[in-house]
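Here's the structure we're looking at; comments come further down.
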Amino acid sequence: MAPIERITLFNIPKAEDRARLLEQYKVLAKTAVKDGKPYILNAAAGESFPDPRNKGFNISVKTTFASMEDMEYYDKECEAHKALKAMVDGVKQDALTTFFQSVL
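For the record, in the sequence shown the residue sitting at position 65 is 65 according to UniProt numbering, with numbers rising by one throughout.
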């Protein structure tokens, strides 16, 4: 079964808040565990390049999970992700998340 790819986009107006979020993703990448073991297969996060097609979303994040169960754990139970969400909730103007299994 193909892994679950998750894309999250943020619109965060202040540069200092974007920097804080990216630092929080670095922490998450090192500390996110399930059953005592790392479970995120791959993670990438960064500032989006300026382009009218991004519609104001200025932070792009891609995370890869082995299963839908792992992604649901990330959404609902992961302490590292809870800390990140607590930080970003006060500074984001908007967010968009989608997930899929690649056909390639």
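Glycine included, C-beta positions come from ideal geometry on N, C-alpha and C.
On a predicted model such as this, the values are computed, not experimentally measured, just so you know.
Query, Result
"Do three or more CB pairs link the stretch 75-82 to the stretch 52-60 at distances below 8 Å?", "no"
"Which of the three DSSP states is assigned to N58 in this structure?", "coil"
"On the CB-based measure, 16 or more other CB atoms within 10 Å of its CB, does Q24 come out buried or exposed?", "buried"
"Identify every run of the beta strand (DSSP E) within the UniProt domain \"Stress-response A/B barrel\" (4-100), keeping only runs that are complete inside it and at least 3 residues long; order them along the chain.", "4-11, 40-47 and 59-65"
"Since Q93 contacts I12 with CB under 8 Å, what's their CB separation in whole angstroms?", "7 Å"
"Can you grab the Cα-Cα spacing for the pair K30 / A44, in whole Å?", "12 Å"
"Classify F65 as buried or exposed, calling it buried when 16 or more other Cβ atoms lie within 10 Å of its own Cβ.", "buried"
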